[in-house]
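One structure below.
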Amino acid sequence: MGALIVARRELAGYFATPVAYVFIVIFLMMAGALTFTLGGFFARGQADLGPFFTFVPWLFLFLVPALTMRLWAEERRLGTIELLLTLPLPQWQAVVGKFLAAWAFCAIALLLTFPLVLTVNYLGSPDNGVIAAGYVGCLLVAGAYLAVGAAMSAMTKNQVIAFVLAVAVCFLFAAAGSPIVTEFLSQRIPLLAEVARGLSITERFNSLTRGVIALRDLVFFLSFMGFFLFVNAVVIDHRKAD
Amino acid sequence: MAALIEIERLTKRFGAFTAVDDVSFSVDRGEVVGFLGPNGAGKSTTMKMLAGFVTPTAGTARICGQDVVDHPVAAKRSLGYLPEGAPTYPEMTVSAFLGFAARIRGYRGADLAARVDGAMDLTQLDGVRLQPIETLSKGFKRRVGLAQSLLHDPPVLVLDEPTDGLDPNQKHEVRALIRRMAPEKAILISTHILEEVEAVCTRAIIIAHGRVLADATPKALEQPGRTLEQVFRDLTTKPLEAA
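Chains as they are written, first to last, in the working numbering: chain A, 122 to 363; chain B, 16 to 258.
Pasting the structure below:
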């Protein structure tokens, strides 16, 4: 399928430039440092990856937009978007292919945190089902942020603008369920407080890190990605030649 | 049989600016049509519409009978397109880049290798097949773009300034290549080099302010007793009202 061919080219592109290595090294260093220092991995005395899963979504909030900012903006700058979109390939496949490449890349970065899983299994006997659910959650959060970031990248040829827009929009969905936002809203517009909680990525992620893989959370994440990929495709279709 | 490239009343407006204004022409198999005009005349926009990259405001374009808006994928299968500036992915090697284009066009395995090798042969890229494109000179980059447009041996070729940035020897090679392919294909090339039109084109279309001003063989345009350059200057420097 065309989307997979695009994804393969795109993924090889990450590793042909320093982007992949910088991303992975920074991600692993920060995830490790935060887990062991701020997260109090040892001091807690619990055999789980709770501290790690607390920080991953916040790391992704900044790192994922750094990954997606070039997806379309770079194609526009180089003019290769004209090449890609004049090959016999439906446009949605180009959109999905780029997204899949970035998602696979995040999966690789997450896989490389395996020493944490080994450590916690060596030190105690954690519930590995909960850990697996946590990783699924991380991957879904990454996918959601990637879909947002890719759509923002489609809107501009300037990578900095793509990055800032993506962080802002991702933060909106990350913070939507936080007490500050929901309390503020429930005092004034109670209906919106419910909406905000329903759209919160953090809230859904937290239930996954408790080991609960609920269908409605999966549906939420998949439709979230689907929506932003659709936005991406529409933007590309209307503004491809700008 | 209908012409391989059919353009009917094609128009593109960007806001109040009309880049391409009611352009109609067709290109048959065996023809090499030179698309001439000053910068900003609408040549590239017309070609981008034909390639399905820019959506027309009005009018239709068909490649091998397939409408580029209604059946974009089918139209693009029959088309080899070299975009303006010959964009390529700089971090890829020449063979990886051509392999990517061939894979999207549905070639696999030995077939794919044969297509990539064939295209590199035609454009003399053998020596640089494993070099990243960003390390190549301008002339090589242009030929990589050209190889990409040729690898599936398409019936229709649309080449936006194929010889720009090439040295005289390379220009000669590309022109010879175009002449060799001409009998089998419908070819539309844009250029600023008038001698190129005389060298390879069977027909020349002169366009300015988005409108077709002349459509004839280079010989017919030159008569009586004037060079193509004089004709070009006369036609394209007139103010819009007179055109």
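Glycine residues also receive a C-beta, built at the ideal position from the N, C-alpha and C atoms.
Predicted, not measured: the structure shown is a model, and the values here were computed from it.
Item, Value
"CB contact below 8 Å: L159 (chain A) versus chain B", "no"
"Extent of the continuous alpha helix (DSSP H) to which G114 (chain B) belongs", "V109 to I119"
"Proximal residues to F326 (chain A) (C-beta, below 6 Å), its chain only, five neighbours per side dropped", "P178, G258 and V262"
"V47 (chain B) versus K200 (chain B): straight-line alpha-carbon distance, rounded", "8 Å"
"Contact check, G114 (chain B) vs A219 (chain B), beta carbons under 8 Å", "no"
"Limits of the unbroken beta strand (DSSP E) element including L97 (chain B)", "L94 to L97"
"Simplified DSSP assignment, three categories, for Q185 (chain B)", "helix"
"Alpha-carbon spacing of V127 (chain A) relative to P233 (chain B), whole angstroms", "42 Å"
"Top-ranked residue by Cα proximity to V171 (chain B), from B:V212, B:D141 and B:C79", "B:C79"
"Proximal chain A residues relative to A116 (chain B), where beta-carbon distance stays under 7 Å", "L208"
"Cutoff 8 Å: L19 (chain B) Cβ touching any chain A Cβ", "no"
"Buried or exposed by the 16-neighbour rule on C-beta atoms within 10 Å, applied to V69 (chain B)", "buried"
"Proximity to Y256 (chain A) [Cα-Cα], best of A:A275, A:Q280 and A:I229", "A:I229"
"Beta strand (DSSP E) runs contained entirely in the segment 177-239 of chain B, provided each spans 3 or more residues", "201-205, 218-223 and 226-231"
"8 Å contact criterion, which L192 (chain B) and L228 (chain B) should meet: CB distance rounded", "Between L228 (chain B) and L192 (chain B) the Cβ distance is about 29 Å, and since that is not below 8 Å, they are no contact."
"Residue nearest to L25 (chain B) in terms of C-alpha spacing, selected from B:T242, B:P71, B:E210 and B:P177", "B:P71"
"Distance CB(L320 (chain A))-CB(F349 (chain A)) smaller than 8 Å", "no"
"Secondary structure, alpha helix (DSSP H): runs of 4+ residues fully inside the segment 222-250 of chain A", "235-244"
"Span separating the alpha-carbon of P102 (chain B) from that of A362 (chain A)", "14 Å"
"Within 8 Å, strictly: CB atoms of A111 (chain B) and R130 (chain B)", "no"
"Interface flag, I119 (chain B) vs chain A, CB-CB below 8 Å", "yes"
"Neighbour list for G67 (chain B) in chain A, Cβ cutoff strictly below 8 Å", "L206 and T207"
"The segment 145-173 of chain B: positions lying closer than 7 Å to chain A by Cβ", "none"
"Alpha-carbon spacing of K91 (chain B) relative to R77 (chain B), whole angstroms", "10 Å"
"N- and C-terminal bounds of the alpha helix (DSSP H) containing R325 (chain A)", "I322 to T330"
"P209 (chain A) versus B:T242, B:A235, B:T150 and B:S164, residue with shortest Cα-Cα distance", "B:S164"
"Positions along the segment 91-103 of chain B whose CB lies within less than 8 Å of some CB in chain A", "K91, R92, L94, Y96, P98, E99, G100, P102 and T103"
"Cβ pair count under 8 Å reaching 3, the segment 247-255 of chain A against the segment 328-336 of chain A", "yes"
"Backbone secondary structure at A34 (chain B) - three-state DSSP", "strand"
"Euclidean distance between Cα positions of A141 (chain A) and Y135 (chain A)", "5 Å"
"8 Å Cβ cutoff, T330 (chain A) in contact with chain B", "no"
"Contact under 8 Å by Cβ, T206 (chain B) with E176 (chain B)", "yes"
"Distance, Q167 (chain A) Cα to M190 (chain A) Cα", "38 Å"
"Separation of R248 (chain B) from N54 (chain B), as counted between CA atoms", "13 Å"
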